[in-house]
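Take a look at the structure set out below.
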(Lines of atoms letter the chains of each structure in order from A; the text may use other names.)
(Lines give C-alpha, C1' and ligand atoms only; values in the text may rest on other atoms or scores of the structure.)
Protein backbone atom coordinates (compact mmCIF):
# COMPACT_ATOMS: atom_id res chain seq x y z
CA UNK A 55 0.00 0.00 0.00
CA UNK A 56 3.04 2.32 -0.02
CA UNK A 57 3.90 5.08 2.44
CA UNK A 58 0.80 7.23 2.06
CA UNK A 59 -0.03 7.11 5.76
CA UNK A 60 3.33 8.68 6.63
CA UNK A 61 1.59 12.04 6.20
CA UNK A 62 -0.84 11.07 8.96
CA UNK A 63 2.05 10.05 11.21
CA UNK A 64 3.75 13.43 10.88
CA UNK A 65 0.45 15.19 11.49
CA UNK A 66 0.24 13.28 14.77
CA UNK A 67 3.83 14.23 15.60
CA UNK A 68 3.02 17.91 14.99
CA UNK A 69 0.11 17.67 17.41
CA UNK A 70 2.33 16.09 20.08
CA UNK A 71 4.99 18.78 19.62
CA UNK A 72 2.42 21.57 19.93
CA UNK A 73 1.13 19.98 23.12
CA UNK A 74 4.50 19.07 24.65
CA UNK A 75 6.62 22.06 23.64
CA UNK A 76 4.23 24.90 22.85
CA UNK A 77 1.62 24.35 25.54
CA UNK A 78 4.00 22.90 28.11
CA UNK A 79 6.57 25.70 27.92
CA UNK A 80 3.89 28.42 27.87
CA UNK A 81 2.12 27.05 30.94
CA UNK A 82 5.41 26.55 32.80
CA UNK A 83 6.63 30.08 32.06
CA UNK A 84 3.26 31.49 33.05
CA UNK A 85 3.29 29.62 36.34
CA UNK A 86 6.86 30.81 36.99
CA UNK A 87 5.91 34.46 36.42
CA UNK A 88 2.86 34.13 38.66
CA UNK A 89 4.89 32.48 41.43
CA UNK A 90 7.82 34.92 41.14
CA UNK A 91 6.62 38.08 39.36
CA UNK A 92 9.26 40.31 37.79
CA UNK A 93 9.20 44.14 37.76
CA UNK A 94 7.26 45.73 34.90
CA UNK A 95 9.14 47.38 32.02
CA UNK A 96 8.16 49.66 29.15
CA UNK A 97 5.83 47.50 26.99
CA UNK A 98 6.40 49.45 23.75
CA UNK A 99 8.76 46.86 22.27
CA UNK A 100 6.33 44.09 23.24
CA UNK A 101 3.47 45.81 21.43
CA UNK A 102 5.59 46.30 18.30
CA UNK A 103 6.60 42.63 18.25
CA UNK A 104 2.98 41.57 18.78
CA UNK A 105 1.77 43.85 15.97
CA UNK A 106 4.30 42.40 13.52
CA UNK A 107 3.42 38.85 14.61
CA UNK A 108 -0.31 39.52 14.17
CA UNK A 109 0.29 40.89 10.67
CA UNK A 110 2.33 37.83 9.63
CA UNK A 111 0.08 35.26 11.29
CA UNK A 112 -3.02 37.04 10.04
CA UNK A 113 -1.79 36.83 6.45
CA UNK A 114 -1.02 33.13 6.81
CA UNK A 115 -4.36 32.52 8.54
CA UNK A 116 -6.26 34.32 5.77
CA UNK A 117 -4.63 32.17 3.08
CA UNK A 118 -5.26 28.95 5.04
CA UNK A 119 -8.88 29.95 5.69
CA UNK A 120 -9.51 30.71 2.02
CA UNK A 121 -8.02 27.40 0.84
CA UNK A 122 -9.93 25.40 3.44
CA UNK A 123 -13.20 27.19 2.60
CA UNK A 124 -12.72 26.37 -1.09
CA UNK A 125 -11.98 22.72 -0.32
CA UNK A 126 -14.87 22.07 2.07
CA UNK A 127 -17.55 22.57 -0.57
CA UNK A 128 -21.05 22.59 0.85
CA UNK A 129 -20.10 20.98 4.16
CA UNK A 130 -20.05 22.85 7.44
CA UNK A 131 -16.72 23.82 8.97
CA UNK A 132 -16.66 21.16 11.67
CA UNK A 133 -18.03 18.52 9.32
CA UNK A 134 -15.31 19.40 6.79
CA UNK A 135 -12.62 18.93 9.44
CA UNK A 136 -14.01 15.53 10.49
CA UNK A 137 -14.43 14.32 6.91
CA UNK A 138 -11.12 15.67 5.60
CA UNK A 139 -8.57 13.00 4.69
CA UNK A 140 -5.77 15.54 4.10
CA UNK A 141 -4.56 16.88 7.48
CA UNK A 142 -2.25 19.52 6.00
CA UNK A 143 -5.14 21.90 5.32
CA UNK A 144 -6.76 21.99 8.75
CA UNK A 145 -3.44 21.71 10.63
CA UNK A 146 -2.24 25.03 9.19
CA UNK A 147 -5.64 26.62 9.83
CA UNK A 148 -5.79 25.40 13.44
CA UNK A 149 -2.18 26.37 14.17
CA UNK A 150 -2.65 29.88 12.78
CA UNK A 151 -5.96 30.27 14.62
CA UNK A 152 -4.32 29.24 17.90
CA UNK A 153 -1.39 31.57 17.23
CA UNK A 154 -3.68 34.55 16.57
CA UNK A 155 -5.75 33.79 19.67
CA UNK A 156 -2.55 33.52 21.68
CA UNK A 157 -1.27 36.86 20.40
CA UNK A 158 -4.55 38.55 21.35
CA UNK A 159 -4.41 37.03 24.84
CA UNK A 160 -0.76 38.09 25.17
CA UNK A 161 -1.60 41.68 24.21
CA UNK A 162 -4.48 41.78 26.70
CA UNK A 163 -2.22 40.31 29.39
CA UNK A 164 0.52 42.90 28.82
CA UNK A 165 -1.98 45.77 28.81
CA UNK A 166 -3.80 44.55 31.93
CA UNK A 167 -0.59 43.92 33.87
CA UNK A 168 0.51 47.53 33.26
CA UNK A 169 -2.96 49.02 33.75
CA UNK A 170 -3.32 47.44 37.20
CA UNK A 171 0.38 47.27 38.01
CA UNK A 172 0.33 43.52 38.60
CA UNK A 173 2.91 41.47 36.60
CA UNK A 174 1.17 38.24 37.62
CA UNK A 175 -1.56 39.01 35.07
CA UNK A 176 1.00 38.57 32.29
CA UNK A 177 1.87 35.16 33.73
CA UNK A 178 -1.80 34.20 33.85
CA UNK A 179 -2.11 35.21 30.19
CA UNK A 180 0.78 32.89 29.36
CA UNK A 181 -1.02 30.03 31.11
CA UNK A 182 -4.17 30.82 29.11
CA UNK A 183 -2.13 30.72 25.89
CA UNK A 184 -0.78 27.32 26.90
CA UNK A 185 -4.32 26.05 27.46
CA UNK A 186 -5.34 27.26 23.99
CA UNK A 187 -2.38 25.45 22.43
CA UNK A 188 -3.14 22.30 24.43
CA UNK A 189 -6.78 22.29 23.28
CA UNK A 190 -5.77 22.69 19.62
CA UNK A 191 -3.08 20.01 19.97
CA UNK A 192 -5.57 17.52 21.44
CA UNK A 193 -8.04 18.25 18.65
CA UNK A 194 -5.36 17.73 15.99
CA UNK A 195 -4.13 14.56 17.67
CA UNK A 196 -7.67 13.17 17.73
CA UNK A 197 -8.17 13.72 14.00
CA UNK A 198 -4.65 12.56 13.10
CA UNK A 199 -5.11 9.37 15.15
CA UNK A 200 -8.28 8.51 13.25
CA UNK A 201 -6.52 8.96 9.92
CA UNK A 202 -3.48 7.03 11.10
CA UNK A 203 -5.37 3.91 12.18
CA UNK A 204 -7.57 4.05 9.08
CA UNK A 205 -10.73 5.95 8.15
CA UNK A 206 -13.36 4.93 5.66
CA UNK A 207 -13.94 6.75 2.41
CA UNK A 208 -16.69 9.30 1.96
CA UNK A 209 -20.16 7.78 2.32
CA UNK A 210 -21.11 9.14 -1.08
CA UNK A 211 -18.23 7.24 -2.69
CA UNK A 212 -19.24 4.03 -0.91
CA UNK A 213 -22.82 4.44 -2.11
CA UNK A 214 -21.58 5.04 -5.66
CA UNK A 215 -19.49 1.87 -5.58
CA UNK A 216 -22.42 -0.14 -4.27
CA UNK A 217 -24.73 1.29 -6.95
CA UNK A 218 -22.31 0.32 -9.73
CA UNK A 219 -22.13 -3.22 -8.38
CA UNK A 220 -25.89 -3.55 -7.99
CA UNK A 221 -26.30 -2.45 -11.62
CA UNK A 222 -24.51 -5.64 -12.73
CA UNK A 223 -27.07 -8.27 -13.76
CA UNK A 224 -24.70 -11.11 -12.84
CA UNK A 225 -24.45 -9.88 -9.23
CA UNK A 226 -27.45 -11.01 -7.19
CA UNK A 227 -26.50 -9.23 -3.96
CA UNK A 228 -23.77 -6.90 -2.67
CA UNK A 229 -22.84 -8.22 0.76
CA UNK A 230 -20.60 -5.36 1.84
CA UNK A 231 -18.29 -2.62 0.59
CA UNK A 232 -15.44 -1.80 2.97
CA UNK A 233 -13.00 1.04 2.38
CA UNK A 234 -9.98 2.60 4.05
CA UNK A 235 -7.81 5.58 3.13
CA UNK A 236 -4.15 4.66 2.69
CA UNK A 237 -3.35 8.28 1.74
CA UNK A 238 -5.41 11.45 1.20
CA UNK A 239 -5.89 10.58 -2.48
CA UNK A 240 -5.73 6.77 -2.27
CA UNK A 241 -8.46 4.38 -1.17
CA UNK A 242 -8.43 0.61 -0.73
CA UNK A 243 -11.80 -1.08 -1.22
CA UNK A 244 -12.77 -4.66 -0.36
CA UNK A 245 -16.02 -5.94 -1.85
CA UNK A 246 -18.02 -9.06 -1.09
CA UNK A 247 -20.74 -9.90 -3.60
CA UNK A 248 -22.96 -12.86 -4.40
CA UNK A 249 -22.53 -13.82 -8.06
CA UNK A 250 -25.19 -15.61 -10.07
CA UNK A 251 -24.84 -19.40 -9.84
CA UNK A 252 -24.98 -19.67 -13.63
CA UNK A 253 -21.60 -17.91 -14.01
CA UNK A 254 -18.71 -20.16 -14.95
CA UNK A 255 -15.26 -19.64 -13.39
CA UNK A 256 -13.90 -17.85 -16.43
CA UNK A 257 -16.97 -15.64 -16.71
CA UNK A 258 -16.67 -14.63 -13.06
CA UNK A 259 -13.03 -13.63 -13.58
CA UNK A 260 -13.95 -11.55 -16.61
CA UNK A 261 -16.77 -9.92 -14.64
CA UNK A 262 -14.40 -8.99 -11.82
CA UNK A 263 -11.91 -7.49 -14.27
CA UNK A 264 -14.66 -5.48 -15.95
CA UNK A 265 -15.98 -4.19 -12.63
CA UNK A 266 -12.48 -3.18 -11.51
CA UNK A 267 -11.95 -1.31 -14.76
CA UNK A 268 -15.27 0.53 -14.43
CA UNK A 269 -14.61 1.45 -10.81
CA UNK A 270 -11.12 2.82 -11.50
CA UNK A 271 -12.38 4.75 -14.51
CA UNK A 272 -15.18 6.33 -12.48
CA UNK A 273 -13.22 6.71 -9.23
CA UNK A 274 -9.47 7.15 -9.91
CA UNK A 275 -8.86 7.54 -6.17
CA UNK A 276 -9.37 3.76 -5.81
CA UNK A 277 -5.76 2.55 -5.72
CA UNK A 278 -6.54 -1.08 -4.79
CA UNK A 279 -9.71 -3.06 -5.43
CA UNK A 280 -10.42 -6.51 -3.98
CA UNK A 281 -13.60 -8.28 -5.07
CA UNK A 282 -14.56 -11.54 -3.40
CA UNK A 283 -17.36 -13.71 -4.83
CA UNK A 284 -19.24 -14.94 -1.78
CA UNK A 285 -22.69 -16.36 -1.19
CA UNK A 286 -24.98 -14.02 0.69
CA UNK A 287 -25.59 -16.51 3.47
CA UNK A 288 -21.85 -17.14 3.86
CA UNK A 289 -20.85 -13.47 4.07
CA UNK A 290 -19.25 -12.55 7.37
CA UNK A 291 -21.82 -10.82 9.53
CA UNK A 292 -20.02 -7.90 11.12
CA UNK A 293 -20.64 -4.25 11.92
CA UNK A 294 -19.97 -2.21 8.77
CA UNK A 295 -16.86 0.00 8.92
CA UNK A 296 -17.36 1.58 5.53
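In the working numbering, the protein residues as written are 55 to 296. For glycine and all other residues, C-beta sits at the position ideal for the given N, C-alpha and C. Values in this document were obtained by computation on a predicted structure and should not be read as measured data.
Roughly how many angstroms lie between the CA atoms of residue 188 and residue 65, to the nearest whole one? 15 Å
Give the straight-line distance between the Cα atoms of residue 225 and residue 217, rounded to the nearest whole angstrom. 11 Å
Going by beta carbon distance, what residues of the same chain come within less than 7 Å of residue 269, once the five residues before and after it are set aside? 215, 218, 276, 279
I need the DSSP call for residue 96, collapsed to helix, strand or coil. coil
Let's see if you can read the secondary structure: which residues bound the beta strand (DSSP E) around residue 276? 276 to 283
Quick one: any contact between the stretch 165 to 184 and the stretch 200 to 212, if contact means 3 or more CB pairs under 8 Å? no
Taking the alpha helix (DSSP H) that residue 59 falls in, what are its first and last residues? Unbroken run through residue 59: none, as it is neither H nor E.
Excluding the 5 residues preceding and the 5 following residue 201 in the sequence, name in chain order all residues of the same chain whose CB lies nearer than 8 Å to its CB. 59, 62, 65, 139, 141, 235
Suppose contacts are defined by Cβ-Cβ distances below 8 Å. Is residue 97 in contact with residue 181 by that definition? no
Does DSSP classify residue 251 as helix, strand or coil? coil
My output table needs one value for residue 138: the three-state DSSP class, helix, strand or coil. coil
Apart from the five residues just before and just after residue 112, which ones in its own chain have a Cβ nearer than 7 Å to its Cβ? 154
Counting along the chain, where does the beta strand (DSSP E) carrying residue 223 start and finish? Premise fails: residue 223 is in no beta strand (DSSP E) and is neither H nor E.
Just to confirm my understanding: we take residue 126, look at its own chain, exclude 5 residues before and 5 after, and list those with CB closer than 6 Å. What are they? 134
Do residue 184 and residue 84 have their C-beta atoms within less than 8 Å of each other? yes
Per DSSP, which residues does residue 242 bridge with? Please list them. 234, 278
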